[in-house]
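Student:
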Amino acid sequence: MQDLCDLKVQINGHHTFFLNQKTISTYSETLRRLINQEKKKTHTKNPSIKILDFPGGPHAFELALRFCYNEGRILMTPLNLPLLYCSAVALEMTEEASTCNLSTQTETFLDSLFYWSWNDIVGSLKACEPFLDSADESGLLQKLLSSLLAKMRPNSEIPTSSSSSSSSPETHNNRKEWWFDDLTVLSPKTIEKVFVALGAYGENNKNPILTRFLLHYLKSAVQKKKPETSKLDYGGLADTAVHGVALLVGRAGFSGRALFWVLRTVSCLGLGRECRGKLERLMGLMMDVATVDDILVSGDGGGVYDVNFVLRLGLKVSKFLAVAESLPDSARDFFDGVYRAVDIYLESHPNMATEERTRLCRCLNYEKLTLEACKDLAKNPRIPPRIAMQALVSQQSRLQGRRAIISHHHLNPKTPSSRASTTPGRAHCAVAEIEAEEASLPPRLAEMDEEEMRLNFQRMQWRVVELEKVCEDMKGRMSKMAKNKGASPCKALHITNTGG
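In UniProt numbering, the protein residues as written are 1 to 500.
1. When the Cα atoms are used, what is the spatial distance from ALA353 to VAL470?
2. Only counting the same chain, and skipping five residues up and downstream in sequence, which positions put a Cβ closer than 7 Å to that of TYR339?
3. Give me the Cβ distance between VAL222 and LEU145, rounded to the nearest whole Å; I'm assuming they're in contact under 8 Å.
4. Suppose you measure from the CA of SER479 to the CA of GLU468; what does that come to, to the nearest Å?
5. Of all the alpha helix (DSSP H) runs that stay within the bounds of the UniProt domain "NPH3" (315-398), which reach a length of 4 or more residues?
6. Note down, in chain order, each residue of its chain lying with its Cβ closer than 7 Å to the Cβ of GLN21, except the 5 sequence neighbours on either side.
7. In chain order, which continuous runs of the alpha helix (DSSP H) of length 4 or greater are located wholly inside the UniProt domain "NPH3" (177-313)?
8. Keeping to the same chain, check which residues put their C-beta closer than 7 Å to that of PHE109; ignore five residues upstream and five downstream.
9. Drop a sphere of 10 angstroms on the beta-carbon of TRP116, count the other beta-carbons inside from all chains shown, and report buried for 16 or more, exposed for fewer.
10. Rounded to the nearest angstrom, how far is the Cβ of GLY56 from that of PHE131, given a contact under 8 Å?
11. Under the three-state reduction of DSSP, which class applies to LEU52: helix, strand or coil?
12. So, are the CB atoms of residue 530 and TYR234 less than 8 Å apart?
13. By how many angstroms is the C-alpha of SER267 removed from the C-alpha of PHE54?
14. Count the other CB atoms, across all protein chains shown, that sit within 10 Å of the CB of GLU325; report buried if there are 16 or more and exposed otherwise.
15. Check each candidate in ILE51, ASN351, GLY337, LEU65 and name the one with the smallest Cα separation from ILE24.
16. Can you tell me whether DSSP reads HIS59 as helix, strand or coil?
17. Less than 8 Å between the C-beta atoms of LEU31 and LEU125, yes or no?
18. Less than 8 Å between CB atoms is the rule here; does VAL185 satisfy it with respect to chain D?
19. Would you identify the three-state DSSP class for residue 501, choosing helix, strand or coil?
20. Do you know offhand how far ILE434's Cα is from ASP329's?
21. Here's the rule: buried if 16 or more other CB atoms are within 10 angstroms of the residue's CB, otherwise exposed. What is SER48?
22. With DSSP run on the structure shown, which of helix, strand or coil describes LYS39?
23. Using 10 angstroms around the beta-carbon of GLN105, count the other beta-carbons present and answer buried if the total reaches 16, otherwise exposed.
24. Please classify LEU4: does DSSP put it in a helix, a strand, or coil?
25. In this structure, does DSSP put ILE121 in helix, strand or coil?
26. Got a sec? Which residues, its chain only, sit under 6 Å from PHE17 by beta carbon, not counting five neighbours each side?
27. Give me the Cα-Cα distance between ALA60 and GLU96, rounded to the nearest whole angstrom.
28. Among ARG33, LEU52, LYS45, which one has its Cα closest to the Cα of residue 504?
29. For VAL249, which residues from the same chain have a beta carbon less than 7 Å from its beta carbon, with the 5 sequence-adjacent residues on both sides left out?
30. Alpha helix (DSSP H) containing PHE109: first to last residue?
31. If I measure Cβ to Cβ from HIS216 and keep anything under 7 Å in the same chain, skipping five residues before and after, which residues do I get?
32. Please classify THR30: does DSSP put it in a helix, a strand, or coil?
33. DSSP three-state label for THR16, please.
34. Using CA atoms only, rank isn't needed, just tell me which of THR265, PHE320, GLY256 is closest to VAL289.
35. Note down the Cα distance separating ASP120 from LYS189, rounded to an integer number of angstroms.
36. Check for me: the alpha helix (DSSP H) holding GLU137 runs from which residue to which?
Right, here's the structure in full:
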């Protein structure tokens with residue numbers, strides 16, 4: 001018995017096999033080399049070998065042993081081929097060790113790959129997943145993927161690259177291809193390999209059919225919630241889907257509501273920040289067709305809704321100003337349109353602080369507002385009072401300046417400019433027009449003199465002084481509380497929180 005089991009092999013740290021050295025060494029160059037190294041190291045006839053990270057684990061190693069103990073024969077199927085193929089590579093079961101060895105037989109079996117059924121290929125790919133990296137390094141995965149894509153293309157208009165020449169949403173609409181459900185059994189890493197083989201991974205995804213498959217696959221992943229995969233495993237596929245969706249938006253067969261569905265589907269699957277922002281920007285263009293149900297999007301954790309989603313879609317004050325100030329004042333004859341845009345923005349953001357509203361109004365040139373716009377601004381409750389006052393003062397100063405110029409020309413008719421441009425009749429008409437405009441201004445400004453304006457500013461200054469006194473009083477109270485902290489920490493803390 002000792003001669004039959006003179007070798008101890010431990011696989012991946014938790015399974016041990018007792019084998020015959022001669023039988024195993026006949027077929028495996030790797031085991032023959034490890035046995036000789038262990039004998040030289042330990043000076044023992046019955047060596048013990050440890051093999052870590054063996055592809056396929058103990059089950060694959062056992063299949064290779066069956067081949068060795070059965071004198072180089074074993075029944076091969078599409079399901080056990082990946083185990084045998086990767087075991088043969090790991091154990092170096094080549095022709096150098098023995099004729100018609102396991103490597104040769106697996107390669108021969110793969111020659112009939114063209115005649116495999118669709119289910120055989122999908123099943124073989126599924127069998128590769130526990131050791132996908134080894135299958136990829138050995139070249140087996142690429143052969144299986146090539147065969148898979150060859151069977152997909154005759155029945156679907158999937159190009160050999162990421163081009164979307166003939167695959168348009170108008171022709172395919174929303175129909176589901178025959179292979180969509182079959183591929184949902186594959187892991188996200190395997191699907192990534194499929195897209196890489198097609199040249200359609202990440203930003204290279206420009207094919208509508210592949211995009212729809214990804215959305216179908218991700219929807220299935222959300223529903224199944226496989227315990228062996230985490231949301232980070234789907235991150236690359238979610239990003240790839242978003243890049244494809246960006247090309248479908250606005251085309252036939254892809255509605256605005258579908259865009260909201262996409263975000264709800266991919267939001268809990270490790271979607272990258274850049275792609276999420278890209279998708280949200282597209283959704284911001286379609287908020288007019290959204291319902292409350294559409295914007296109920298789960299957060300990254302999946303347990304609560306992302307309440308900041310709608311806020312992120314809003315136009316920031318800084319971006320509004322950047323757009324409004326992109327043109328110089330000289331490029332606009334009037335600023336009425338800019339004022340209307342400011343008013344709409346303020347109406348959409350009723351809770352905006354006074355400081356932000358004041359900052360927003362800095363893009364207005366009061367001197368280029370028409371009288372009607374200035375009157376509306378003065379009565380607008382959304383405009384800060386300080387801004388309204390500045391606009392009215394500017395408007396009145398402009399009118400007074402025009403009156404002074406006309407009066408000067410009227411009193412000095414001999415000046416060349418006055419003779420060329422102004423006659424007494426025209427001057428009287430212009431003055432009357434200015435007086436009418438002044439009369440149409442809000443009464444409080446039309447009658448306001450410098451003394452009244454000075455009093456208003458003084459009242460504002462008094463209020464600031466009062467607020468400063470209140471602030472100093474609060475600081476003093478807080479200092480007293482801090483001094484009492486050493487004597488009664490718990491009580492001082494309680495008082496501080498109550499005061500805040």
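Cβ coordinates follow ideal geometry from the N, Cα and C atoms, glycine included. The structure presented is a predicted model; accordingly, all values stated were derived computationally and were not measured.
Tutor: In brief:
1. Their backbone Cα atoms lie some 21 Å apart in a straight line.
2. Within the same chain, TYR339 has close Cβ partners LEU364, LEU369, ALA373, LEU377.
3. The beta-carbon separation of VAL222 and LEU145, rounded to 25 Å, does not stay under the 8 Å limit for a contact.
4. Their backbone Cα atoms lie some 17 Å apart in a straight line.
5. Here the runs fully enclosed are 317-324, 336-348, 354-360, 371-379.
6. Take GLN21, set aside five residues on each side of it, and the residues of its chain with a beta-carbon closer than 7 Å to its own are ASP6, LEU7, ILE35, in chain order.
7. Taking only runs of at least 4 residues, the alpha helix (DSSP H) segments lying wholly in the UniProt domain "NPH3" (177-313) are 188-198, 208-224, 235-248, 256-266, 273-284, 309-313.
8. Excluding its 5 nearest sequence neighbours in each direction, PHE109 has C-beta neighbours in its own chain below 7 Å: MET76, LEU81, listed in chain order.
9. Using a 10 angstroms sphere on the CB of TRP116, the tally of other CB atoms reaches 16 or more, which defines it as buried.
10. Going by Cβ atoms, the distance from GLY56 to PHE131 rounds to 5 Å, so yes, they are a contact pair.
11. Coil at LEU52, not helix or strand.
12. One cannot answer for residue 530 here, as it falls past the ends of the chain, which runs 1 to 500.
13. In a straight line, the C-alpha of PHE54 is about 36 Å away from that of SER267.
14. The residue in question, GLU325, is exposed, as its Cβ has fewer than 16 Cβ neighbours within 10 Å.
15. The candidate whose alpha carbon is nearest that of ILE24 is LEU65.
16. Here HIS59 sits in helix by DSSP.
17. No, these two residues do not count as a Cβ contact at 8 Å.
18. The chain labelled as chain D is not found in the depicted structure, where only one protein chain is given.
19. With the chain running from 1 to 500 in the structure shown, residue 501 is simply not present.
20. Summary for ILE434: the model assigns pLDDT 49, below 50, so the residue's position carries little reliability, and this model does not support an answer.
21. By the 10 Å Cβ count, SER48 comes out exposed.
22. Note: LYS39 maps to helix in three-state DSSP.
23. Burial is judged here by how many other beta carbons sit within 10 angstroms of a residue's own beta carbon; GLN105 has at least 16 and is buried.
24. In this structure, LEU4 counts as coil in the three-state DSSP scheme.
25. It is helical.
26. Hits under 6 Å: VAL9.
27. Straight through space, the alpha carbons of GLU96 and ALA60 are spaced by roughly 22 Å.
28. Nothing about residue 504 can be read from this structure; the chain reaches only from 1 to 500.
29. Same-chain partners within the cutoff: LEU259, LEU282.
30. Per DSSP, PHE109 is one residue of the alpha helix (DSSP H) stretching across 102-110.
31. For HIS216, where only same-chain residues beyond five positions count, the Cβ hits under 7 Å are LYS176, PHE180.
32. It is helical.
33. In the structure shown, THR16 sits in a strand (DSSP, three-state: E or B).
34. For VAL289, the nearest C-alpha among the options comes from GLY256.
35. Cα-Cα distance, rounded: 19 Å.
36. From DSSP, the alpha helix (DSSP H) with GLU137 extends over 132-138.
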